[in-house]
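Peer 1:
Residue numbers (the numbering used here): 227 to 1246.
(1) Give me the DSSP bridge partner(s) of residue 623.
(2) Work out the CA separation of residue 1004 and residue 863 for me, nearest whole Å.
(3) Of all the beta strand (DSSP E) runs that stay within the bounds of the segment 867-951, which reach a length of 3 or more residues?
(4) Rounding to the nearest angstrom, what Cα-Cα distance links residue 213 and residue 806 in this structure?
(5) If I measure Cβ to Cβ from residue 835 and keep anything under 6 Å in the same chain, skipping five residues before and after, which residues do I get?
(6) Going by DSSP, which residues form a beta bridge with residue 446?
(7) Using the C-alpha atoms, what's the distance from residue 473 back to residue 633?
(8) Name the residue from 980, 1224, 1043, 958 whose alpha carbon lies nearest to the alpha carbon of residue 1027.
(9) Tell me the rounded alpha-carbon separation between residue 852 and residue 842.
(10) Exposed or buried, residue 758, counting other C-beta atoms within 10 Å across all chains shown (16 or more means buried)?
(11) State the beta-bridge partners of residue 1068 as determined by DSSP.
(12) If we ignore side chains and look at the alpha-carbon of each, how far apart do residue 1125 and residue 755 end up?
(13) Taking only three categories from DSSP, how would you classify residue 962?
(14) Scan the segment 1098-1128 and note each continuous alpha helix (DSSP H) run of 4 residues or more that stays entirely inside, going in chain order.
(15) With burial defined as no fewer than 16 other Cβ atoms inside 10 Å of the residue's Cβ, what is the status of residue 846: buried or exposed?
(16) Locate the alpha helix (DSSP H) running through residue 1224, then write down its first and last residues.
(17) With distances taken between CB atoms, is the gap from residue 854 to residue 904 smaller than 8 Å?
(18) Please state whether DSSP places residue 412 in a helix, a strand or coil.
(19) Helix, strand or coil for residue 1195? Go by DSSP, reduced to three states.
(20) Go ahead and pull the three-state DSSP assignment for residue 1166.
(21) First and last residue of the alpha helix (DSSP H) that includes residue 466?
(22) Suppose you measure from the CA of residue 785 to the CA of residue 859; what does that come to, to the nearest Å?
(23) Would you call the segment 286-304 in contact with the segment 376-385, where contact means no fewer than 3 C-beta pairs closer than 8 Å?
(24) Our contact map puts residue 1002 next to residue 625 with C-beta atoms below 8 Å; I'd like the distance itself, whole angstroms only.
(25) Can you tell me whether residue 777 is buried or exposed, with buried defined as 16 or more other CB within 10 angstroms of its CB?
(26) How would you write the range of the alpha helix (DSSP H) that residue 245 sits in, first residue to last?
(27) Thinking C-beta only, is residue 641 closer than 8 Å to residue 454?
(28) Are residue 1217 and residue 1225 close, meaning C-beta to C-beta below 8 Å?
(29) So, do the segment 1039-1050 and the segment 982-1001 have three or more beta carbon pairs nearer to each other than 8 Å?
(30) Does the distance from the CB of residue 767 to the CB of residue 826 come in under 8 Å?
(31) Keeping to the same chain, check which residues put their C-beta closer than 6 Å to that of residue 535; ignore five residues upstream and five downstream.
(32) Take residue 1032 as the anchor and find which of 909, 993, 986 has the nearest alpha-carbon.
(33) With residue 879 and residue 899 assumed to form a contact (beta carbons below 8 Å), what rounded beta-carbon distance in angstroms separates them?
(34) Which residue spans inside the segment 760-814 form an unbroken alpha helix (DSSP H) run of at least 4?
(35) Taking Cβ positions, are residue 416 and residue 610 nearer each other than 8 Å?
(36) Less than 6 Å between C-beta atoms, sequence neighbours within five positions excluded: which residues of the same chain meet that for residue 1106?
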């Protein structure tokens, strides 16, 4: 192979293409192809001559990239050596699209120019010509040149012309290196952009080693949408391109990206006479950044978009890779780190051509790959033709179809009232609105009466029926009347709060009913919780009387009446002639607070009656049922276990403290007492299912309090029981949604639909309704919404809101998405709350408590997966404290004295510094990496082991950096892709391994790289 004398360094954008080519050895991700269908049987020889002629005319098409020493060089094959491989295939019209896609996706060898190949697909009555080029030598203009010249030259050679002549090609264009002004512009333009806010909120996380598999969806904009674009163009005095691009930014922002985001916009870098006639890779993709301000109108967004685009275009000769290097943006996931979506406006359609005297038809041609999450290609109209190319690892077909529907609807909505603030633009299509209406069609008229009214009615009708274990309804009513009398005698009045400090059992059940009979609300205290926490709750609620089944600790008794339940005589139940007031408080329950102080939630009798009636109806609870009373009473779901039984005439079966912690004891109780309905957290079910194997058939099972995993749900369903996944915050009364599960269970288990008289809305960070399928914060309205937080109007006003369409509602802080079937999926938290064994834990509260320790200057808490599939707390502490067992135990005892058990960290890590981000806030991602526990494999080898030592030596040599340690980051020490290639080759030679340069991106420190090598080691 003859190489011309020209030998030049490659540009940053060419290096990026070379890198991407190396990254995906299975596919030709950098290939560009076109295909035309000619209604005639073409001949092989004229086409071969035409293709060779085109390649010989244009030096760019004869380019190859070859390593020379430690750098890559661009070399050019001599013109007389250039021959394009041309293969012939047989096929049918139905097979063409699949054949073309496969041919374009075949990988090229960058060492063997020309980087062009061609195929003839012979159909019975036509020929498809498919030409494939590497992106290193081609752009859109070059594709047009090759197509046009190939068609003309084929006809000439086919007619017998052995030396056809075409106009001389434009000379090759040499692109200037980016100057300081361009780099400065892009550095300022992109400064501070948050890579975490670039993806659409509904995008699935892409694997560390993505396949780049993609699909495409074509759509023609409706005539109405096309007219909307024309009106917006006229109103804003700009172009279709800018109108459509501005609307695209708004669409992305409405789906969770940004609102400060960059979109990749392809542009040409051609200048002067070479603009239309020089073959080569003369294109760039500009990361155009726009901040979408929803308080402004669309005209303002258009001006912002236009200014950003024109500013970028002025400095468009700075390649995207140069900008990346200037910003020191390094990405191990190989997608563009500055944008995840692109917008490509094509103002003109393909050229009209003929071959063999026949008009050619263009065939859809692409390789089925993309390195971006989403590419929107717009062919100028009217009508406008849209093509959405999307990563199948990030998005599903229906998600993208919905996105295009909303894009069209958005354009129409914007044109109907262009002066309206963007936050008020309703871009939801009719189908989306109909789904939201169906989901919230939950109105259900219940009979009048509160839960105590229902229980009193049961006691009057069936006084001899068992209510709590062996205690009958009549006996329970008598005990409750005695409690009422004792409370009234101690001055308890309607609206007061009475504490309960007792374990589950008949006495506690009577205490609750007695408190209600006195017109008061109960405050459940867990005797297992730290005394200071219980004291705070009693003081905060102004509790004067505590009902208890044991001696009250001195710190709790001061200034309060302590009433021993076992000393209260029975009384005579009242016969209430009218239902009790629904707006009266039923209970006060404290939840974790970010300030370190729990907050008290006031729940009314109306709130409670709605949830109890719904679940009694949904679960078809009858007097013959036996309901397990399992959960500690300080957890609100415990009230449902007790009251669901008592309000329906069923029996509550008490699980004692030992059954709570011993799955074997609990399993025996379920079978012995023939329990028919059990509620527990996933953590409890995970332990219980193996003990109950074969004994859950026909029972009803509620699972809630923390996310339910699909494997656990499948295990429960395998037991042939009815399984319900339930969800709800304390502030909306126990449970607000429910889903009956059926196999097969999806990977993300749904939390269901709203219960009776409950409404839900998923909103974005601006309070606007999020489209179905798009994650957002869950707001819950309806009869379950509690009164608010006791004595805290400011916090109540912050999360208990009133808005049109939803009425009074609670902002949960939970991130969910609404599925197309109307069910909700739980995705996580807006803030830093987590669920540990079903208990809501505020990580900020843990940090506040730990920082009260005299040896701790700063603390940060995280949740990490535990071995059982749930979560546990890990806390990083900084200060005058060591990691010795003694000091860590003292710190644990300090936390246990102030926090509930679920909130006490399972693991502590002493750190020199708690990492912070650019805003001075704790960088929890970096912190998680620094305190990550060792894996499940063997203990990590010490840094001085031979493999790690070898890697450190190689890095020091190749990076010329003598201070590299086992924990040094390859890229922060000056490494780049070429050095990574050489590093991988040297390691393979020295150790007989088979690693690739991309492994350096996955394991960028010597210690991690050495661990990877231990898995790849093979005999030499």
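Heads up, the beta-carbon is just placed ideally off N, CA and C, and yes, glycines get one too.
Peer 2: Walking through what the data contain:
(1) According to DSSP, residue 623 bridges with nothing at all.
(2) 20 Å
(3) 877-880, 903-906, 926-929
(4) The displayed coordinates of the chain run from 227 to 1246. Any statement about residue 213 would go beyond what the structure contains.
(5) 676, 677
(6) 611
(7) The straight-line gap from Cα to Cα measures roughly 8 Å.
(8) 958
(9) 13 Å
(10) Burial check for residue 758: the Cβ neighbour count within 10 Å stays below 16, so the residue is exposed.
(11) Answer by DSSP bridge pairing, in chain order: 1059.
(12) 7 Å
(13) For residue 962, the secondary structure class from DSSP, reduced to helix, strand or coil, is coil.
(14) 1111-1122
(15) exposed
(16) 1224-1228
(17) yes
(18) helix
(19) coil
(20) Note that residue 1166 scores a pLDDT of 38, beneath 50, so its modelled location is shaky and nothing firm can be said.
(21) For residue 466, the enclosing alpha helix (DSSP H) begins and ends at 466-479.
(22) 24 Å
(23) no
(24) Not a contact, Cβ separation roughly 15 Å.
(25) exposed
(26) 238-249
(27) yes
(28) no
(29) yes
(30) Yes, these two residues count as a Cβ contact at 8 Å.
(31) Within its own chain, the residues whose Cβ lies closer than 6 Å to the Cβ of residue 535, once the five positions on either side in sequence are excluded, are 514, listed in chain order.
(32) 986
(33) 5 Å
(34) 780-783
(35) no
(36) 1081
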